[in-house]
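Under the numbering used here, the first residue of the sequence shown carries the number 8, and numbering increases by one thereafter.
Every residue, glycine too, gets a C-beta built ideally from N, C-alpha and C.
Just so we're clear, the structure is a prediction, and the values are computed from it rather than from any experiment.
Take a look at the structure below.
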Amino acid sequence: MMSCGVDEAGRGPMFGPLVVGAVFCEDDSVLREIGVRDSKMLSPARRERMYDEIVSAAAHWCTVPISAEEIDSLMASKSLNAIELGMFAEAVSRYDADVVYADCPDVNTERFGRTMEAMLNGRRVVAAHKADALYPVVSAASIVAKVTRDRMLEDLGREFGVDVGSGYPSDAVTVAFIEKWIKDNGCAPKHTRTSWEPVRKMLSARKTTSLDEW
Numbered sequence: 008m009m010s011c012g013v014d015e016a017g018r019g020p021m022f023g024p025l026v027v028g029a030v031f032c033e034d035d036s037v038l039r040e041i042g043v044r045d046s047k048m049l050s051p052a053r054r055e056r057m058y059d060e061i062v063s064a065a066a067h068w069c070t071v072p073i074s075a076e077e078i079d080s081l082m083a084s085k086s087l088n089a090i091e092l093g094m095f096a097e098a099v100s101r102y103d104a105d106v107v108y109a110d111c112p113d114v115n116t117e118r119f120g121r122t123m124e125a126m127l128n129g130r131r132v133v134a135a136h137k138a139d140a141l142y143p144v145v146s147a148a149s150i151v152a153k154v155t156r157d158r159m160l161e162d163l164g165r166e167f168g169v170d171v172g173s174g175y176p177s178d179a180v181t182v183a184f185i186e187k188w189i190k191d192n193g194c195a196p197k198h199t200r201t202s203w204e205p206v207r208k209m210l211s212a213r214k215t216t217s218l219d220e221w
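Take a look at the structure:
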């Protein structure tokens, strides 16, 4: 039986993409042997090693990224959960699977699962909170998504020629980068989610504060 796990990386950051990963396999014993677990519980170096093992062992795998600009545009008419649901469905639809295990962002797992099943023409979906800790195939998907996003952040850092951090509002490196860019340019840097509250506050402060007072 072909199973598919699907998870995201980068839901909360104010900078950089949101990436959904999907991993397909007939037997998750190979993933258990690799030692997959929730990507947040692994060091970056270990995630990188596991990524290579996962993509070699999986029957299929794929990623679906969406840029900060696309997120801002879509959030004018959709919730983040709805955006993520559409990305999940897109990733899972790439290959056939008998059952899909999804890490659910919605408080109502049954509603999320039913909606996703309808989008997948009735394909069975098991949606659960902390699915990346419950199902190895979802753990593998979380690692694929996380490593892909981390590599994309490294590319963005090279694009700007500075360390842009992880993109999260809790990351002082990211905050300092965006604040300095807004101070110097009067607008947020490319790849920033300007619909996010911390960024809106920075932009508002820039409008109401002179450069000397910043």
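If you draw a straight line from the C-alpha of residue 166 to the C-alpha of residue 198, how long is it?
As a first step, residue 166 is located in the sequence shown; it is residue number 159 there, counting from the start. As a first step, residue 198 is located in the sequence shown; it is residue number 191 there, counting from the start. Taking the straight line from one Cα to the other gives about 11 Å.
Indicate the three-state DSSP secondary structure (helix, strand or coil) for residue 52 in the structure shown.
In the sequence shown, counting from the first residue as 1, residue 52 sits at position 45. If DSSP states are grouped into helix, strand and coil, residue 52 belongs with the helices.
Let me see if you follow: with CB-CB separation under 8 Å, is residue 37 close to chain B or not?
In summary, chain B is missing from the structure at hand, where a single protein chain is found.
Distance check for residue 32 and residue 61, CA to CA, integer angstroms please.
By one-based count along the sequence shown, residue 61 stands at place 54. By one-based count along the sequence shown, residue 32 stands at place 25. Cα-Cα distance, rounded: 10 Å.
The alpha helix (DSSP H) spanning residue 205 covers which residue range?
As a position in the sequence shown, residue 205 is number 198, starting the count at 1. First-last of the alpha helix (DSSP H) with residue 205: 204-215.
If we ignore side chains and look at the alpha-carbon of each, how far apart do residue 178 and residue 21 end up?
For the purposes of this step, residue 178 is taken as the residue at position 171 of the sequence shown. For the purposes of this step, residue 21 is taken as the residue at position 14 of the sequence shown. The straight-line gap from Cα to Cα measures roughly 10 Å.
Rounded to the nearest angstrom, what separates residue 106 and residue 35 at their Cα positions?
On the sequence shown, position 99 is the one that residue 106 refers to. On the sequence shown, position 28 is the one that residue 35 refers to. Cα to Cα, the separation comes out at about 13 Å.
For residue 60, which of helix, strand or coil comes out of DSSP?
Mapped onto the sequence shown, residue 60 falls at position 53. Correct three-state label for residue 60: helix.
Distance between beta carbons of residue 145 and residue 12, contact taken as under 8 Å
Position 5 of the sequence shown, counting from 1, holds the residue named residue 12. Position 138 of the sequence shown, counting from 1, holds the residue named residue 145. About 4 Å separates the two Cβ atoms, so the contact holds.
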